[in-house]
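First comes the structure, then the notes that go with it.
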Amino acid sequence: MPSEHDTPEPVADTGLGRAQPHARVRVLLPLPLPTAYDYAVPEGMALSPGDFVSVPFGRRDLIGVVWDETGAGDRAAPDSRLKSVLSRLDVPPLPRQSRQFVEWVADYTLAPRGAVLKMSMSVPAALEPPSVATAYARPTALPPDIRLTPSRTKVLDVLAAAPSLPRSELAREAGVGPAVIDGMVKAGGLVPVQIPDVMKPAAPDLSLAGPVLSAEQGGAASDLRQKVIAARFTATLLDGVPGSGKTEVYFEAVAEALSHGGNVLVLLPEIALSAQWLARFETRFGVAPVVWHSDLGQARRRAVWRAVAEGRAPVVVGARSALFLPHHDLGLIVVDEEHDASFKQEEGVVYNARDMAVVRAHIGEIPVVLATATPSLETVVNVETGKYSRLHLPERHAGATMPTVQAIDMRSDPPPRGSWLSEPLRKAIEETLTAGEQGMLYLNRRGYAPLTLCRKCGHRLQCPRCTAWLVEHRATARLQCHHCGYNVRLPERCPSCEAEDSLTACGPGVERLAEEVASLFPAARTVLAASDTMTGPRAAAELVTMIENHETDLIIGTQIVAKGYHFPKLTLVGVIDADLGLAGGDLRAAERTYQMLYQVSGRAGRGEHPGRVLLQTYMPEHPVMKALVAEDRDGLLAAERKAREAAGMPPFGRLVALIVSGSDEVSVDEAARELGRKAPRGAGISVLGPAPAQMAILRGRHRRRLLLKADRTVPVQAVVSEWLLRADVQRNIRVQVDVDPYSFF
Ligand code: ADP
Ligand code: ZN
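Quick note, our numbering runs 735 ahead of the 1-based positions in the sequence shown.
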């Protein structure tokens, strides 16, 4: 194989003296590098853009992708210095649309291309040939003497649905530790089987009919079907109250795309927990879709990536990163709950998956559907300007009415000291329980209490690595930082003044609320649902079944149960602290609080019985509370729109945040000041900061923020990249760029 060592003469410069001049290719590597590198193609190797290749890089061999011959100015090493491609991998090439998408996302977010590529090849094992894996199955007969603990029964239950699964996956799906699997293997309760490590997603059954749609649903469905058939880029807001049948409607579009041989991508927030969505998909199409999210085991990720790369996955449903799978022949993209903030990825490549889904659809020249009951202002404005179209489903299916919403003024109806349920809410809970119906109490705070302080000296227990209070989790008797995961045993003495028994919990978390509920309603069957009590898809599915079967009366939960679920017997929703999201100077605080509370409210009264929602608030006159009570979403949006337009805020102006961080405070400050000095000036541009971030220390790193605000006409990407080039920032300082920021902490 030719390499720089066996080609001593730089002959190819002239093109003479060599029968076969080196062919070159550009190879983009999955590293935080902005450009592709040139490599020589060994004789006899045919390469095309998209091919996965192994190349030497520094002292390592890396896998990269043969990149397109676009753009100039990449490192053009003379042929003599050129290293050669080592091999071409036996994997389908990264499709052209995926490569264009990588470039587009990189250009927009100002992330290095290689870093975006890395998201497209996030499963290195998928690039290797499939191996044979060991999986475990039920034996034909269980040994008679085997002890069937609840954990073991769960494992066997999982295997009733899937004939065999690898160890880690089996443990995960059953919600048990891997040791349980090992124990069962030893006891003869599981038998190992060898399976080729490939996934064969079943074809959706298109002969199954969906429900008979109402006139409005039918109209919306046929509009979407037409758009799928037209196979051009269109973006459609599917705007309908919870329970109006949005999912059924976009399932029709999914069916249409599949019937033309197109593949479909559905993005859902918190996919890991959407057991109900998956069940409905299965009812509609007879098979399970291919699921993709970060909690999948390595083997499953590998299998999914490979199935998608080989064009064998008709429907992929996933979290935001599913956008970066090597999709083939996409015919439709759906973004459900388009307003959801979890579509924004805040680490690494900072991007908004909702927006990037629209870009991906544009590149693929296909329709994208954005479904929600509470559209974001960005999307609403895109509808107004004609960029997106809108389909409206104003009513709940089968005449179910929207719940009545009432604000409880906590200033006139304060709960007794040390408790969190006001008299009107207590009464409503009692009525609900007496009627044999279900209630949900919503408080978006995990743990027992958000703050612990010393009664003697006033010391507040703080995370040593973050600007944040430690949150007490009484169930585990620990204090936890919700930002970095730091946790310690609850101390017996104040760490500052050493007083004994002086530490007091301040404010409520769901655990504390559950305590109050238990003492007020001892007969009620309650369940706590937060991300730390409901770990993984199986626990979520169990909870849902339990609620559906009415094995529980009161659900006390965080936002984890607020979204998407359909519980017919749930008639009361009590919001413990409706004001929680309004504190702080977040640009979208009002919009988001409305969306969140509206979503929670939407859980009430989805069956035959009407629902009601009680909002405990200290500011019932706040526009958000008024809009919730009066069911005036559009009024609130119009007011928001006006305020943002007047202030030149998104979507009427553009924002780019720079977050400067590092472990040494002095150099972080120096870097932030340097960026401040070199800040761009010009018409329609202003820069705020540097200022300490609200979270001035996060995971031990000091943080400073700068915010560029610009008119819509300003090419912010160019402005910011020039800014970063101008500023002389030490290498140990990280400057994270956040285009269209959603969080400002
Ligand atoms: P959304 O997505 O707008 O919240 P869904 O599609 O989840 O609404 O519909 C709510 C419930 O009503 C689901 O159980 C769904 O199956 C049912 N449903 C909606 N439309 C129909 C219909 N036309 N016929 C029968 N059931 C329907
Ligand atoms: Zn911390």
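Every residue, glycine too, gets a C-beta built ideally from N, C-alpha and C. Note that the coordinates shown come from a computational prediction; the quantities given were computed from them, not determined experimentally.
What three-state label does DSSP hand G1099 in the structure shown?
For the purposes of this step, residue 1099 is taken as the residue at position 364 of the sequence shown. Here G1099 sits in helix by DSSP.
Taking the C-alpha atoms as reference points, what is the distance between N1467 and S1402?
Residue numbering aside, residue 1467 sits at position 732 when the sequence shown is read from its first letter. Residue numbering aside, residue 1402 sits at position 667 when the sequence shown is read from its first letter. Computed Cα separation, rounded: 9 Å.
Tell me whether Y1477 sits in a helix, a strand or coil according to DSSP, three-state version.
Stepping through the sequence shown from its first residue, residue 1477 is reached at position 742. Three-state DSSP puts Y1477 in coil, outside helix and strand.
Residues near V1285 in its chain [Cβ-Cβ closer than 8 Å; skip 5 each side]:
The count along the sequence shown starts at 1 and reaches residue 1285 at position 550. Just to set this straight, residue 1285 is His in the shown sequence, not Val. Q1173, K1304.
Endpoints, the alpha helix (DSSP H) within which Q961 is located:
Start at 1 with the first residue of the sequence shown, and residue 961 comes out as number 226. That run of the alpha helix (DSSP H) goes 950 to 965.
I'd like the span of the alpha helix (DSSP H) that includes G1411, first residue to last.
The sequence position of residue 1411 within the sequence shown is 676, counting from 1. Run containing G1411: 1400 to 1412, per the alpha helix (DSSP H) assignment.
Does the Cβ of S833 have 16 or more other Cβ atoms within 10 Å, making it buried, or fewer, making it exposed?
By one-based count along the sequence shown, residue 833 stands at place 98. So S833 counts as buried.
First and last residue of the uninterrupted alpha helix (DSSP H) at N1117
By 1-based counting over the sequence shown, the position of residue 1117 is 382. Element bounds for N1117: 1112 to 1119.
Collect the residues with a C-beta less than 5 Å away from any heavy atom of the ligand ZN and give them in sequence order along the chain.
C1198, R1200, C1201, C1216, H1218, C1219, Y1221
Provide the residue(s) that pair with E1235 in DSSP beta bridges, ordered along the chain.
On the sequence shown, residue 1235 is found 500 positions in, with the first residue counted as 1. Checking the DSSP bridge columns, you'll see E1235 partnered with R1228.
Ranges of the alpha helix (DSSP H) found wholly within the segment 1139 to 1180, counting only runs of at least 4:
1158 to 1169
Residue range of the beta strand (DSSP E) that includes E1207:
Locating residue 1207 in the sequence shown gives position 472, counting from the first residue. It spans 1206 to 1208 - the beta strand (DSSP E) in which E1207 sits, taken as one unbroken run.
Cutting at 6 Å between CB atoms, please list the residues of its own chain near A1023, excluding the five before and the five after it.
The residue labelled residue 1023 in the question sits at position 288 within the sequence shown. E1017.
Using only CA atoms, which one of P1476, D1236, G1346, T1109 lies nearest to G1388?
Residue 1388 sits at position 653 when you count from the first residue of the sequence shown. Ranking P1476, D1236, G1346, T1109 by Cα distance to G1388 puts P1476 first.
Secondary structure, beta strand (DSSP E): runs of 3+ residues fully inside the segment 984 to 1071:
998 to 1002, 1025 to 1027, 1050 to 1053, 1065 to 1071
Compute the Euclidean distance between the alpha carbons of I1164 and T1306, then round it to the nearest angstrom.
Residue mapping note: residue 1164 aligns to position 429 of the sequence shown, counting from 1. Residue mapping note: residue 1306 aligns to position 571 of the sequence shown, counting from 1. Answer to the nearest angstrom: the Cα atoms are 10 Å apart.
Quick check on V882: buried or exposed, where buried means 16 or more other Cβ atoms within 10 Å of its Cβ?
To locate residue 882, count along the sequence shown from 1; it is residue 147. Looking at the sequence provided, one finds Arg at residue 882 rather than Val. So R882 ends up on the exposed side.
Given that a residue counts as buried once 16 or more other Cβ atoms are within 10 Å of its Cβ, and exposed if not, what is Q1465?
Here residue 1465 refers to the residue found at position 730 of the sequence shown. Looking at its Cβ environment, which holds fewer than 16 other Cβ atoms inside 10 Å, Q1465 is exposed.
DSSP three-state label for I1468, please.
Within the sequence shown, the letter at position 733 stands for residue 1468. Correct three-state label for I1468: coil.
Where does S1009 land, buried or exposed, given buried means 16+ other C-beta within 10 angstroms?
Translated into positions along the sequence shown, residue 1009 becomes position 274. Buried, because 16 or more other Cβ atoms sit within 10 Å of the Cβ of S1009.
Return yes when the C-beta of K1122 is under 7 Å from any heavy atom of the ligand ADP, and no when it is not.
For the purposes of this step, residue 1122 is taken as residue 387 along the sequence shown, with counting starting at 1. Not so, every heavy atom of the ligand ADP lies at least 7 Å from the Cβ.
Reduced DSSP secondary structure (H/G/I, E/B, other) of G799
On the sequence shown, position 64 is the one that residue 799 refers to. Strand at G799.
Taking the CB atoms as reference points, tell me whether P1138 and R1368 lie closer together than 8 Å.
For the purposes of this step, residue 1138 is taken as the residue at position 403 of the sequence shown. For the purposes of this step, residue 1368 is taken as the residue at position 633 of the sequence shown. For P1138 and R1368, no; Cβs fall outside 8 Å.
Jot down the residue ranges of each uninterrupted beta strand (DSSP E) in the segment 1356 to 1386, minimum 3 residues, whole runs only, in chain order.
The segment 1356 to 1386 contains no whole beta strand (DSSP E) run of 3 or more residues.
N-terminal and C-terminal residue of the alpha helix (DSSP H) that V1395 is part of
In the sequence shown, residue 1395 corresponds to position 660, counting from 1. Looking at the DSSP string, V1395 is not in any alpha helix (DSSP H); the run it does join, the beta strand (DSSP E), is 1388 to 1397.
In the structure shown, what three-state DSSP assignment does K1444 receive?
Counting from 1 along the sequence shown, the entry for residue 1444 is found at position 709. K1444: strand per DSSP, three-state reduction.
Say the cut is 7 Å; is the CB of L1433 nearer than that to a heavy atom of the ligand ADP?
Your numbering for residue 1433 matches position 698 in the sequence shown. Because no heavy atom of the ligand ADP lies under 7 Å away, the Cβ of L1433 does not count as near it: no.
Based on the DSSP output, what are the partners of S819 in its beta bridges?
Here residue 819 refers to the residue found at position 84 of the sequence shown. Answer is A775.
For G806, I'd like the list of residues in its chain whose CB is within less than 8 Å of its CB, leaving aside the five on either flank, ordered along the chain.
The residue given as residue 806 occupies position 71 in the sequence shown. In this predicted model, G806 has a pLDDT of only 49, less than 50, meaning its place in the structure is not dependable enough to derive any value.
May I ask which residues mark the beginning and end of the beta strand (DSSP E) holding R1125?
By 1-based counting over the sequence shown, the position of residue 1125 is 390. Counting along the chain, the beta strand (DSSP E) containing R1125 begins and ends at 1124 to 1128.
Taking the Cβ atom as the reference point for each residue, do V911 and V890 lie within a distance shorter than 8 Å?
On the sequence shown, position 176 is the one that residue 911 refers to. On the sequence shown, position 155 is the one that residue 890 refers to. For V911 and V890, yes; Cβs fall inside 8 Å.
When you measure from the CB of G1340 to every non-hydrogen atom of the ligand ADP, does any distance come out below 7 Å?
Walking along the sequence shown from the start, residue 1340 turns up at place 605. Result no, Cβ not under 7 Å from the ligand ADP.
On the three-state DSSP scale, how would you describe M1137?
Counting from 1 along the sequence shown, the entry for residue 1137 is found at position 402. Three-state DSSP puts M1137 in coil, outside helix and strand.
Pair within 8 Å by beta-carbon distance, M1175 and G1292:
Position 440 of the sequence shown, counting from 1, holds the residue named residue 1175. Position 557 of the sequence shown, counting from 1, holds the residue named residue 1292. G1292 sits close to M1175, with the two beta carbons spaced by under 8 Å.
Environment of V1359 [buried if 16+ CB atoms lie within 10 Å]
Residue numbering aside, residue 1359 sits at position 624 when the sequence shown is read from its first letter. Classification of V1359: buried, given that the 10 Å Cβ count is 16 or more.
Exposed or buried, which one is P1226 when buried takes at least 16 other CB atoms within 10 Å?
For the purposes of this step, residue 1226 is taken as residue 491 along the sequence shown, with counting starting at 1. Exposed: under 16 other Cβ atoms inside 10 Å.
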